[in-house]
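Enquirer:
2 protein chains.
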Amino acid sequence: MLNRHYQGQICSVARTLEVVGDRWTLLVIRDALRGTRRFDDFQAGLGVARNVLTDRLTRLCEHGLLEKQLYQTRPARHEYVPTRKGLDLWPTIMSLIMWGDRHLAPDGPPLLTRHRGCGGALTPALTCDRCGASLGPADVELLPGPGAGHAQAEDPPA
Amino acid sequence: MLNRHYQGQICSVARTLEVVGDRWTLLVIRDALRGTRRFDDFQAGLGVARNVLTDRLTRLCEHGLLEKQLYQTRPARHEYVPTRKGLDLWPTIMSLIMWGDRHLAPDGPPLLTRHRGCGGALTPALTCDRCGASLGPADVELLPGPGAGHAQAEDPPA
Chain X
333 MLNRHYQGQI
343 CSVARTLEVV
353 GDRWTLLVIR
363 DALRGTRRFD
373 DFQAGLGVAR
383 NVLTDRLTRL
393 CEHGLLEKQL
403 YQTRPARHEY
413 VPTRKGLDLW
423 PTIMSLIMWG
433 DRHLAPDGPP
443 LLTRHRGCGG
453 ALTPALTCDR
463 CGASLGPADV
473 ELLPGPGAGH
483 AQAEDPPA
Chain A
333 MLNRHYQGQI
343 CSVARTLEVV
353 GDRWTLLVIR
363 DALRGTRRFD
373 DFQAGLGVAR
383 NVLTDRLTRL
393 CEHGLLEKQL
403 YQTRPARHEY
413 VPTRKGLDLW
423 PTIMSLIMWG
433 DRHLAPDGPP
443 LLTRHRGCGG
453 ALTPALTCDR
463 CGASLGPADV
473 ELLPGPGAGH
483 AQAEDPPA
């Protein structure tokens, strides 16, 4: 086990939350991944104040999760298109949905996820890239990686 | 596709974010899933103000993600133990970690996740519970579920 201080300071969860750890930001990304592209459509779908939406869309563009593209010139109109970095949040968003479906939906899931053509459901389980096993907390060990950097030397594993 | 208003109002992402959509809350859960149990250990690991930590731990207990258990009587001391509901956030937390590893770690991941005994890595991919295929946004269709309730009749799919 790495010690607490180290875990707290250098962690991809903490970094990720710096970028997307805000309710509106995640809801904007959710809608972008479902096909919403235009300011007014995000606004209508979320019922969010326009200044808040402007702020979140700007941040998401600055962080490279969305790309602002001109789709009309007179007057100039833009749409917000998810980048690879934005699309890569799809498993995280689905994972949040599945947790909510399991624990916060007493009447059952509001939406069902179905594998197109197969009819199976998405599973929340994560798997091993080598053997394909479904993994849980007890199956995974955390080791210092290349990005541990200086903190590793200054503040070594307990 | 379901229409925007409907998506915005009834969605397990939105509900989930009501419970865990706060940076400190997710970091507290992250540490709890790594074995942190005691107030002072959460506090030391996160460097968070004590009143903020008290608030987040209380909320997590109220929502049933952590359970406050007495481990010493004189003086009374409690620890915070993840419930099934809390443990079920593990794939979400790992998914956040893996996204950060991929997009926010220019020096490589601070921590490596390894399948104990196998050596494989966790993959961010989600799979189909029937055929086992790795699924992406284009492979999944969203259908109204049992929890769609009245909103479905009042505000039907576009």
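Chains X and A supply the protein sequences, listed in that same order.
Heads up: the first sequence begins at 333 in this note's numbering, then just goes up one per residue.
Heads up: the second sequence begins at 333 in this note's numbering, then just goes up one per residue.
Idealized CB from N, CA, C, for every residue including glycine.
With DSSP as the reference, label residue 490 of chain A as helix, strand or coil.
Expert: Because residue 490 of chain A carries a pLDDT of 37, less than 50, the predicted location of this residue cannot be relied on, and the following value inherits that uncertainty. Three-state DSSP puts residue 490 of chain A in coil, outside helix and strand.
Enquirer: Within 8 angstroms of any Cβ in chain X, is that where the Cβ of residue 387 of chain A sits?
Expert: No, residue 387 of chain A does not count as interfacial toward chain X.
Enquirer: Here's the rule: buried if 16 or more other CB atoms are within 10 angstroms of the residue's CB, otherwise exposed. What is residue 402 of chain X?
Expert: By the 10 Å Cβ count, residue 402 of chain X comes out exposed.
Enquirer: Against chain X, does residue 410 of chain A count as a neighbour if the rule is that its beta carbon must be under 8 angstroms from one of theirs?
Expert: It does not: the Cβ of residue 410 of chain A has no partner Cβ on chain X nearer than 8 angstroms.
Enquirer: With respect to the beta strand (DSSP E) encompassing residue 445 of chain A, which residues constitute its N-terminal and C-terminal limits?
Expert: It spans 443-447 - the beta strand (DSSP E) in which residue 445 of chain A sits, taken as one unbroken run.
Enquirer: When you compare only the Cα positions, how much space is there between residue 354 of chain A and residue 400 of chain X?
Expert: Distance between the alpha carbons of residue 354 of chain A and residue 400 of chain X: 27 angstroms.
Enquirer: Give a yes or no on whether the minimum CB-CB distance between residue 460 of chain A and chain X is below 8 angstroms.
Expert: Yes, contact with chain X.
Enquirer: Are the CB atoms of residue 440 of chain A and residue 477 of chain X within a distance shorter than 8 angstroms?
Expert: A contact, by the Cβ cut-off of 8 angstroms.
Enquirer: Please decide whether residue 473 of chain A counts as near chain X, where near means a Cβ-Cβ distance under 8 angstroms.
Expert: Yes, residue 473 of chain A lies at the interface with chain X (some Cβ there is under 8 angstroms from its Cβ).
Enquirer: Would you tell me roughly how many angstroms separate the C-alpha atoms of residue 438 of chain X and residue 363 of chain X, rounded to the nearest one?
Expert: Whole-angstrom Cα-Cα distance: 24 angstroms.
Enquirer: Using CA coordinates, which residue listed in X/416, X/357, X/435 is at the minimum distance from residue 416 of chain A?
Expert: Comparing Cα positions, the closest option is X/435.
Enquirer: Rounded to whole angstroms, what's the CA-CA distance from residue 468 of chain A to residue 459 of chain A? Just pull it up for me.
Expert: Whole-angstrom Cα-Cα distance: 9 angstroms.
Enquirer: With 9 angstroms as the limit, tell me which residues of the region 435-456 of chain A have their beta carbon closer than that to any beta carbon of chain X; keep them in chain order.
Expert: Cβ contacts with chain X come from 435, 436, 437, 438, 439, 440, 441, 442, 443, 444, 445, 446, 447, 448, 449, 450, 451, 452, 453, 454, 455, 456.
Enquirer: Closer than 8 angstroms by beta-carbon distance: list the chain A residues that pair up with residue 463 of chain X, in chain order.
Expert: Per Cβ cutoff of 8 angstroms: 447, 450, 452.
Enquirer: If the cut is a Cβ gap below 9 angstroms, which residues of chain X does residue 400 of chain A touch?
Expert: Chain X residues near residue 400 of chain A: none, gap ~19 angstroms exceeds 9 angstroms.
Enquirer: Take the Cβ of residue 463 of chain X as the centre, count every other Cβ of all protein chains shown within 10 Å, and call the residue buried at 16 or more, exposed below.
Expert: That one is exposed.
Enquirer: Using the Cβ count rule (16 or more neighbours within 10 Å means buried), how would you classify residue 300 of chain A?
Expert: Lying before the first or after the last residue shown, residue 300 of chain A is absent from chain A, which here runs from 333 to 490.
Enquirer: Do you know offhand how far residue 356 of chain X's Cα is from residue 429 of chain X's?
Expert: Distance between the alpha carbons of residue 356 of chain X and residue 429 of chain X: 15 angstroms.
Enquirer: In chain X, which residues lie less than 9 angstroms from residue 343 of chain A when you measure between Cβ atoms?
Expert: Neighbours of residue 343 of chain A on chain X, chain order: 359, 362, 429, 432, 442, 443.
Enquirer: Can you check whether the C-beta of residue 413 of chain X is within less than 8 angstroms of a C-beta belonging to chain D?
Expert: Protein chains in the displayed structure are X and A, and chain D is not among them.
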